[in-house]
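Taking the numbering used here, the leading residue of the sequence shown gets 243, the next gets one more, and so forth.
Built from N, CA and C at the ideal position, the CB exists for glycine as well.
Remember, predicted model here, so these are calculated numbers, not experimental data.
Notes follow the structure.
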Amino acid sequence: MESLIKFVQDEFVTKKDFPEFSAGDTITVYYEIKEGAKTRTQFYRGVVIQKKGSGSLQTFTIRKMSGTVGVERIFPINLPALQKIEVNKRGKVRRARIFYFRNLTGKKARIKERRMK
243 MESLIKFVQD
253 EFVTKKDFPE
263 FSAGDTITVY
273 YEIKEGAKTR
283 TQFYRGVVIQ
293 KKGSGSLQTF
303 TIRKMSGTVG
313 VERIFPINLP
323 ALQKIEVNKR
333 GKVRRARIFY
343 FRNLTGKKAR
353 IKERRMK
């Protein structure tokens, strides 16, 4: 049964080509918003807190600061409204899910940048 589900997902779900990113990376997500008859592109820039799931069911959570309030948003990787994802900074973290990042403020909330080889 699981192999049948995987086959259907591989065959019929359209895959978009997004860059590789992981927890700790700062990314910008461009997605389409429909307001009545008009559509516009909006972007959401923040730190990836987690990636969850696999295949077409994969989601990722982004956290950004809006003023002094932290805002999180969950995006499915196969959302039709997603247009593109840009990786702004690669972060160096030791965990795959950085929920401790929610409690940090000020200079402690900075993530070291990973050096590229």
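- In this structure, the alpha-carbon of PRO261 lies about 25 Å from that of GLY312.
- Selection PHE317, LYS248 and SER264 evaluated against TYR273 yields PHE317 as nearest (Cα-Cα).
- Secondary structure at ASN320: coil, using DSSP grouped into helix, strand and coil.
- In the three-state scheme derived from DSSP, where H, G and I count as helix and E and B as strand, LYS331 is classed as strand.
- Taking the C-beta atoms as reference points, ASP267 is found nearer than 8 Å to VAL290.
- DSSP places ARG344 in the helix class (H, G or I) of the three-state scheme.
- Residue nearest to ALA351 within the set PHE263, PHE343 and MET358 is PHE343 (criterion: CA-CA distance).
- Within the DSSP bridge table, the entry for MET307 names GLY312 as partners.
- ILE304 and VAL271 do touch by the CB rule: their CB atoms are close to 7 Å apart, below 8 Å.
- Of the candidates ASN345, THR347, ILE269 and ILE327, ILE327 places its Cα closest to the Cα of LYS258.
- DSSP links LYS280 through a beta bridge to GLU277.
- In the DSSP assignment, GLY288 forms a beta bridge with ILE269.
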